[in-house]
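Here's the structure, in structure tokens; my notes come after.
2 protein chains.
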Amino acid sequence: MKIGELSKKSGCSIQTIRFYEKQGLFEACNRSEGNYRIYDASSLRALRFIKQCRSLDLTIIEIKQLLDTKNNPDKSCSSVNNLIHQHMVDVTHRIAELEELKLTLSEMASACTDDRKVKECGVLQLLEE
Amino acid sequence: MKIGELSKKSGCSIQTIRFYEKQGLFEACNRSEGNYRIYDASSLRALRFIKQCRSLDLTIIEIKQLLDTKNNPDKSCSSVNNLIHQHMVDVTHRIAELEELKLTLSEMASACTDDRKVKECGVLQLLEE
DNA sequence: GTAAAGTCTATAGCTAGTATAGAGTCAACA
DNA sequence: TGTTGACTCTATACTAGCTATAGACTTTAC
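The following block contains the structure:
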């Protein structure tokens with residue numbers, strides 16, 4: 039199949055597929071006579087793996103590490119588990135940050151619930167502090 | 039004062055201050071004979087306002103809008119309140135997304151708690167799906 | 001034969017800075 | 001007066017993960 043079909047089947051845009059290839063995430067494939075990229079079922083599986091990882095917000099470098107690990111089936115998978123664990127820690131931390139931000143924003147919001155003039159705006163006054 | 043002093047007093051790096059100026063957030067100031075930027079107390083106030091907004095994760099464009107609004111003291115401040123409100127909605131939404139991600143990650147993590155071989159790794163198997 | 005759809009490469013843009021190179025300025029000290 | 005060091009200047013490149021574009025080429029359908 040050509041890149042357009044792979045794009046539809048995988049849900050990645052054509053540019054994204056080419057981008058992954060350039061990043062070394064996604065193997066450069068065979069080309070047709072007219073220099074079109076030609077993919078098969080295994081390309082689709084590989085791309086879906088990448089997409090799955092991206093949906094977990096893993097970085098491209100992390101995904102590369104995973105792919106690298108996958109190529110050594112007899113090695114220990116502890117690096118994979120560690121990566122996921124560390125990622126969970128990061129996400130938890132980020133959530134805490136955003137919760138705090140949300141609190142600040144709600145305090146801001148309640149400083150000026152009604153419609154005032156700019157010079158009397160409670161929000162702007164808080165921002166000046 | 040020169041940019042180094044402003045940087046220390048504001049907590050913004052020198053490059054960031056120049057960056058804000060280039061973005062039109064922070065007024066280009068007077069220059070000394072030797073072409074050094076010269077600031078005063080009002081520059082510091084303005085920069086602190088920007089920093090406060092950035093700590094709320096407002097974008098540079100949003101801050102520009104706020105500054106623009108501030109220059110019209112007699113207009114209604116509803117746009118300010120709306121901006122903060124919308125921002126809170128966005129943050130709430132993002133928290134929900136991250137909570138879901140966290141759940142997925144924790145399911146992943148529990149798929150392979152022990153130290154296995156790569157080909158038996160529960161995490162990698164889930165990622166293949 | 002030709003028009004439309006698809007693909008190719010290369011490049012620029014997005015956010016909010018950070019980091020660098022290479023040059024100029026300024027104050028203090030010998 | 002010379003020079004050293006700290007400071008500043010502009011311009012440029014880089015970060016992450018794409019997205020969008022230009023201009024050329026290939027393929028398909030009628």
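Top to bottom, those sequences are chains A and B.
The numbering of the first sequence is the working numbering, which starts it at 39 and goes up by one.
The numbering of the second sequence is the working numbering, which starts it at 39 and goes up by one.
Quick reminder that beta carbons are idealized off the backbone N, C-alpha and C, glycines included.
In this chain, the alpha helix (DSSP H) harbouring Thr54/A covers Ile52 to Gln61.
Uninterrupted beta strand (DSSP E) stretches at least 3 residues long and entirely within the segment 84–123 of chain A do not occur. Ala147/A has a beta carbon lying within less than 8 Å of a beta carbon in chain B.
C-alpha of Glu65/A to C-alpha of Ser81/B: approximately 52 Å in a straight line.
In the three-state DSSP reduction, Lys155/A falls in the strand class (E or B). In this structure, Ala84/A and Asn119/B do not form a Cβ contact; the two beta carbons are roughly 49 Å apart against a cut-off of 8 Å. Per DSSP, Ser48/B is one residue of the alpha helix (DSSP H) stretching across Ile41 to Ser48.
At least one CB of chain A lies nearer than 8 Å to the CB of Arg132/B. Only residues of its own chain outside the window of five on either side were considered, and among them Lys102 have a CB closer than 8 Å to the CB of Gly62/B, listed in chain order.
Close to Asp78/A, with beta-carbon spacing below 9 Å, lies no residue of chain B; the smallest spacing is near 17 Å. Here His131/B is exposed. Its C-beta has fewer than 16 other C-beta atoms within 10 Å. At a Cβ-Cβ threshold of 8 Å, Ser116/B and Asp153/A count as neighbours.
In this structure, Pro111/B and Lys140/A do not form a Cβ contact; the two beta carbons are roughly 29 Å apart against a cut-off of 8 Å. Leu143/A is the residue among Lys46/A, Leu143/A, Ala134/A and Cys67/A whose C-alpha sits nearest the C-alpha of Met126/B.
C-alpha of Arg92/A to C-alpha of Arg86/A: approximately 10 Å in a straight line. Within the model, the alpha-carbon separation for His123/B versus Thr54/B is close to 27 Å. An exposed status is given to Thr151/B, since fewer than 16 other beta-carbon atoms sit within 10 Å of its beta-carbon. Closer than 8 Å to the CB of Asp112/B there is at least one CB belonging to chain A.
As far as DSSP is concerned, Arg132/B takes part in no beta bridge.
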